[in-house]
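Undergrad: Quick one: the structure is below, questions incoming.
In our numbering, the protein residues as written are 17 to 272.
In C-alpha cells:
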C-alpha cells in the first residue's frame, strides 16, 4: 500500500479560495448523487418535474407503478436544493398511497404471453388476437399487443431488415438441396457489391422446392408476374409458374 505524506506548500489567498469553491461544488455534487441513489433504491419513484423557486430548486418524484398519463398516486416526494446551503433535503408527502384506485401500468402476465404466442403461431391477425384476448378477460390494449407482437416476431424470425452481406450468407446457407420435396431452398442467387462492377449494390435470388420444380419439367409455357401488393424489404417479388388448359396456375417458385 502506498503511503502518502502531506507536503506544506505556499499558496495565495486567491488560489485557496478557488480550491475551496471547487471542494464545495464537489461536496454538493456528492450529496446530490447520494440523495438520488437513496430514492432509486426504493424502486418505486420516477423523476416527474422540477420547480425553480427563489430559495432553490425542488425536484419532484412520482410513484412509478401507475401510468404517467393518468391520475397520479397522492403519495409523492421531492428533493430540495437550497441556494444558501450545500445540504439536500428530502421531503415526503403526508398523503398515503391511493394507487389502488388508479390505472396500474400494464404488465403482461405469463398466461397472457403464452396465449399470444399460441395465437401468433396459428397465424391469426392482430385484430383477431386482440379479440380473443378480450374474450379471455386479458386487459391488454391494442397498441400494447401490437408492440409485443413486433418483439415476438423479431425474436422468432430475426430482424426485419437484412444487410447485403447477411443476405448473401443466408443464400449460401439455404443453397443446399434438401431431402424433403416440400422444403424450400435457394435455387439461384447473385449478389453484386458497389465496388465490384459499378457504383450500385445489386442482388437477386430465386426460391423453390423439389416438388414445384417437377412441374417445370413438363411445362411448355412460362408465366412471370409481380404486383405492388407483394414485396420483400421494399423490393417486388416475382412469381414464376405455368398454366394448364383450364387456366389453372401452377407456381414454380418466386424471385426477388
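Even glycine gets a Cβ: it sits at the ideal position worked out from N, Cα and C.
#1: Between the C-alpha atoms of residue 55 and residue 87, what's the straight-line distance to the nearest angstrom?
#2: Would you say the segment 159 to 176 touches the segment 184 to 192, given that touching needs at least three Cβ pairs under 8 Å?
#3: On the three-pair Cβ rule with 8 Å, is the segment 97 to 109 touching the segment 62 to 73?
#4: With a 10 Å radius around its C-beta and 16 neighbouring C-beta atoms as the bar for buried, classify residue 179 as buried or exposed.
#5: Looking only at its chain, what residues have a beta carbon closer than 6 Å to the beta carbon of residue 191, apart from the 5 residues adjacent to it on each side?
#6: Excluding the 5 residues flanking residue 200 on each side, which residues of the same chain have their C-beta closer than 6 Å to its C-beta?
#7: Distance check for residue 138 and residue 146, CA to CA, integer angstroms please.
#8: Using a beta-carbon distance below 8 Å, is residue 192 in contact with chain B?
#9: Quick check on the burial criterion: 16 or more other C-beta atoms within 10 angstroms. Buried or exposed for residue 109?
#10: Leaving out five residues on either side along the sequence, give the residues of the same chain with a beta carbon under 8 Å from the beta carbon of residue 259.
#11: Mind reading off the beta-carbon distance from residue 90 to residue 67? Whole number of angstroms is fine, and I expect it under 8 Å.
#12: Under a three-way DSSP split, which group does residue 191 fall into?
#13: Could you give the distance in angstroms between the alpha-carbon of residue 271 and the alpha-carbon of residue 162?
TA: So, to answer that:
#1: 22 Å
#2: Not touching, per the Cβ criterion.
#3: Counting Cβ pairs under 8 Å, three or more are found: they touch.
#4: exposed
#5: Cβ within range, chain order: 202.
#6: 223 and 225
#7: A straight line joining the alpha-carbon of residue 146 with that of residue 138 spans about 14 Å.
#8: Looking at the structure shown, chain B is missing, and only one protein chain is on hand.
#9: exposed
#10: Cβ within range, chain order: 237, 239, 265 and 266.
#11: Not confirmed; about 18 Å, so no contact.
#12: coil
#13: 30 Å
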